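Protein sequence lines correspond, in order, to chains A and B.
Going letter by letter, the first sequence gives residues 1 to 224 in full-length UniProt numbering.
Going letter by letter, the second sequence gives residues 1 to 477 in full-length UniProt numbering.
Take a look at the structure set out below.
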Amino acid sequence: MCNLPVHVSCRSNAEYMSPSGKVPFVHVGNQVVSELGPIVQFTKAKGHSLSDGLDDVQRAEMKAYMELVNNMLLTAELYIQWCDDTTATEISRPRYSSPYSWPLNQILAYQKQWEVRRKMNAIGWAGKSLEQVYEDVSQCCQALSQRLGTQPYFFNKQPTELDALVFGHLFTILTTRLTSDELGEKIKSYSNLLAFCRRIEQSYFEDSQAGSSSRGYSKGPSLF
Amino acid sequence: MGTVHARSMDPLPMHGRDMGVHPDDMIEVQEAEHETKQEVLENKDVVVQHVNIEGLGRTKEDLLGYEISEVFDAKNLIDVMKKSHIARQKLLRLGIFKEVEVVIDTSDGTVCAHKRADALPNGLDVTFEVTEMKRLTGSYNTMVGNNEGSMVLGVKLPNVFGRAEKLTFQFSYGTKETSYGLSFFKPQPGNFERNLTLNLYKVTGQFPWSSLKETDRGVSTELNFPLWRTNHTLKWEGVWRELGCLARSASFAVREESGHTLKSALSHTMSIDNRNSAIFPKKGALLRINQELAGYTGGDASFLKEDFELQVNRRLVWDSVLSASLWGGCLLPIGGRPSSIADRFYLGGPTSVRGFGMYSIGPQSEGDYLGGEAYWAGGLHLYTPLPFRPGRGGFGDLFRTHFFLNAGNLCNLNYGEGPRAHLQRLAECVRWSYGAGIVLRLGNIARLELNYCIPMGVQSGDRICDGVQFGAGIRFL
């Protein structure tokens with residue numbers, strides 16, 4: 001969105017390569033920066049920022065919504081992938097263990113599952129049922145949908161970090177194959193969010209087809 | 001007839017690997033007895049009628065039968081004493097007895113309570129009085145160093161099931177890391193040199209020269225057997241390796257190697273060692289060839305690795321020894337995947353090419369040394385006793401001065417080119433160094449060195465350590 005040239009590289013050990021243990025991370029020159037917050041700060045220090053046009057109130061609002069997305073959507077995604085037994089067995093564990101050979105793949109997949117379940121326990125989500133999680137996601141989407149309204153982006157006509165974050169999560173949810181489509185349906189029920197995702201995909205990821213072939217997403221899944 | 005007690009000499013120290021009988025010891029036994037009983041014993045023909053072992057608890061007797069069977073072949077008393085001595089050595093090297101004493105008596109003598117009907121007039125009974133080791137021995141140490149403290153607990157069970165099997169367990173709990181190792185050793189009864197070892201371990205290592213830390217959890221099975229004059233080892237090893245960066249400033253090339261891999265490898269080592277000592281050999285040579293094939297029994301890593309070690313020693317005038325050694329190896333990745341930093345070879349440091357920093361020769365990225373896929377290293381040493389020989393016969397014998405010339409090269413090979421191109425690559429930009437220093441021997445396994453080195457042929461990117469360099473280790477170039 002900042003129009004900076006970027007090359008996406010998929011590695012099976014990306015999680016371990018990252019200095020903080022979380023993806024995504026960028027490797028720029030000699031520096032490695034991981035997670036969205038630090039990456040945004042890094043690009044801002046280099047002079048590129050999406051939220052320059054916002055005033056303080058809007059910036060605070062943006063931060064609040066980003067926290068909401070992180071707390072709700074991210075945690076729900078983790079819950080559905082690892083705490084729901086069917087999804088974990090059929091999708092998450094096979095996918096997580098695919099780069100490794102036996103028996104390492106089993107060990108690492110179970111290790112990841114225990115780690116996520118421990119985290120869910122710590123934040124109190126362990127007691128929730130799948131229905132409750134879907135409800136939470138629905139409520140979060142409702143809040144986002146209300147904020148978005150009929151605007152093209154969350155704040156005026158320019159995309160901000162919030163748009164990038166929301167797009168990332170919604171796009172992933174809509175294009176990841178799970179055991180049931182319920183989560184995707186919940187999001188699709190908010191038509192302005194769906195249109196929002198399609199719009200961003202069209203503007204930023206589709207025209208790379210004609211341009212350089214270094215954008216990884218153009219070969220990936222699509223909403224269309 | 002009178003009783004003859006042939007008592008053993010002072011308990012001889014147990015050496016590490018060379019538990020064979022040294023010809024020097026044989027001469028000692030003969031000389032001690034020679035003066036007092038010369039004409040009576042030397043040419044007297046005897047027959048060994050019984051060989052007994054007393055003091056056995058949990059050790060099974062069939063195991064010991066092989067070790068003592070040769071005593072029956074002795075024909076005269078000196079022979080009996082020699083063969084008993086050899087049998088005693090064999091019993092001690094099983095590692096299950098604290099002490100072994102030999103008692104040689106006549107067949108109808110008073111050691112047994114009654115005269116035996118079948119006792120021959122020139123018959124002898126040889127009795128080995130053994131003291132078994134305790135069932136369980138433990139040790140507890142604390143270690144402090146390098147900003148880390150740790151507690152090390154060791155447990156050893158010698159002779160677990162009665163046939164010289166040994167089980168050892170070591171556990172180290174530290175402020176930063178924990179590691180453990182469990183090992184089970186079983187020799188073949190009758191053939192101690194053929195043995196099987198099973199290992200289960202977790203070790204962690206930190207390699208500041210590459211900004212890398214590695215945690216290995218693994219299982220290995222090892223089979224040792226001698227064949228003619230060589231010693232062979234066949235080993236299968238399965239290791240779960242976890243690599244990580246040691247510091248945030250690690251280079252991206254090292255960061256790319258972080259993560260988990262599984263290596264399942266078969267290896268074979270052949271070694272011929274006829275040196276008279278492992279640390280300061282005066283003569284003899286060592287040749288060790290090792291190959292490792294990974295990937296065909298599972299796992300992610302897939303390569304063929306060869307390396308060899310050759311050392312030749314020769315004694316010169318005035319107690320000085322000339323020693324030449326050559327190391328080399330190559331790593332061939334199979335299946336198109338690039339080799340992992342944990343499998344590559346490293347060169348440099350006080351234990352290989354002296355005058356350079358530890359493992360600090362060869363391909364590197366932002367100060368982190370990545371290792372190479374092929375290397376060679378050679379050394380020429382002249383060892384002499386300390387000048388003016390202080391403390392001769394005692395402490396001074398542990399030291400040597402040495403003058404050395406080391407050379408080596410490490411690089412990555414592009415396997416698309418032919419062998420000629422490889423040799424050329426290894427022959428250009430050779431790093432070498434020369435100097436002198438003092439070497440101290442620690443037991444029979446390790447040595448300490450303090451050298452003054454002058455490195456030459458330094459390429460850009462190598463880290464040198466010219467001037468005084470200190471080194472401690474087991475295997476030196």
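Using N, Cα and C, we set each Cβ at its ideal position, and we do this for glycine too.
Computed from a prediction, not measured in an experiment: that's the story for all the values here.
- From the beta-carbon of B/G393, no residue of chain A is found nearer than 7 Å; the closest lies around 57 Å away.
- Contact annotation, B/F388 with B/V439: C-beta distance approximately 17 Å; criterion of less than 8 Å not satisfied.
- The DSSP assignment places 374–384, 399–411 as complete runs of the beta strand (DSSP E) inside the region 361–431 of chain B, in order along the chain (cut-off: 3 residues).
- Put simply, the backbone Cα of B/R93 is about 27 Å away from that of B/G393.
- Classified as buried, B/N451 has 16 or more neighbouring CB atoms from the shown chains inside 10 Å of its CB.
- Annotated three-state conformation of A/T43 is helix, per DSSP.
- The C-beta of A/N70 comes no closer than 8 Å to any C-beta of chain B.
- Cβ neighbours of B/R194 within its own chain (closer than 6 Å, five residues either side excluded): Q188, F225.
- The region 246–261 of chain B makes contact with the region 208–221 of chain B: 3 or more CB pairs, one atom from each, lie closer than 8 Å.
- Note on geometry: alpha-carbon atoms of B/N274 and B/I289 lie some 15 Å from one another.
- Of all residues in the region 14–35 of chain A, the ones placed with a Cβ closer than 9 Å to any Cβ belonging to chain B are A14, E15, Y16, M17, S18, P19, H27, N30, V32, in chain order.
- In the structure shown, B/V46 falls within a coil segment according to DSSP collapsed to helix, strand and coil.
- B/F470 sits exposed, since fewer than 16 C-beta atoms from the chains shown fall within 10 Å of its C-beta.
- B/H268: member of the beta strand (DSSP E) spanning 259–273, first to last residue.
- If you draw a straight line from the Cα of A/Q31 to the Cα of A/G149, it comes to about 39 Å.
- Using beta-carbon distances, B/R255 counts as an interface residue toward chain A, with a partner under 8 Å.
- Counting other Cβ atoms within 10 Å of its Cβ, B/S172 reaches 16 or more and is therefore classed as buried.
- Only S258, G259, H260, L262 from the region 258–279 of chain B bring a Cβ to less than 7 Å from some Cβ of chain A.
- The criterion of a C-beta distance shorter than 8 Å is not satisfied by B/G372 and B/Y359.
- Listed by position along chain B, the residues whose Cβ is nearer than 9 Å to that of A/S203 form an empty set, because the closest Cβ is around 32 Å away.
- The C-beta distance from B/V100 to B/F72 rounds to 18 Å, too long to fall under 8 Å, and the pair is not in contact.
- Judged by DSSP secondary structure, A/M120 falls within the alpha helix (DSSP H) whose first and last residues are 104–123.
- Interface criterion met: the Cβ of B/D300 is under 8 Å from a Cβ in chain A.
- Within the DSSP bridge table, the entry for B/R241 names B/D216, B/T261 as partners.
- At least one beta carbon of chain A lies nearer than 8 Å to the beta carbon of B/W240.
- The shortest CA-to-CA distance from B/T351 to any of B/N406, B/A374, B/F395, B/R315 is the one to B/N406.
- The region 120–136 of chain A makes contact with the region 76–89 of chain A; the number of CB pairs closer than 8 Å reaches 3 or more.
- Contact with chain A is absent for B/F185, since none of that chain's Cβ atoms lies less than 8 Å from the residue's Cβ.
- Closest option to A/M1, judged by alpha-carbon separation, among A/R177, A/L162, A/S97: A/L162.
- Each residue's CA atom was taken as its position, placing A/R59 and A/F167 some 18 Å apart.
- Taking the Cα positions, B/T106 is about 16 Å away from B/I53.
- Using beta-carbon distances, A/Y100 counts as an interface residue toward chain B, with a partner under 8 Å.
- B/E449 and B/G437 have their C-alpha atoms roughly 7 Å apart.
- Within the model, the alpha-carbon separation for B/L316 versus B/L382 is close to 9 Å.
- Beta-bridge partners assigned by DSSP to B/A446: B/L442.
- Taking C-beta atoms under 8 Å as the contact rule, B/T197 and B/S183 qualify, at a distance of about 6 Å.
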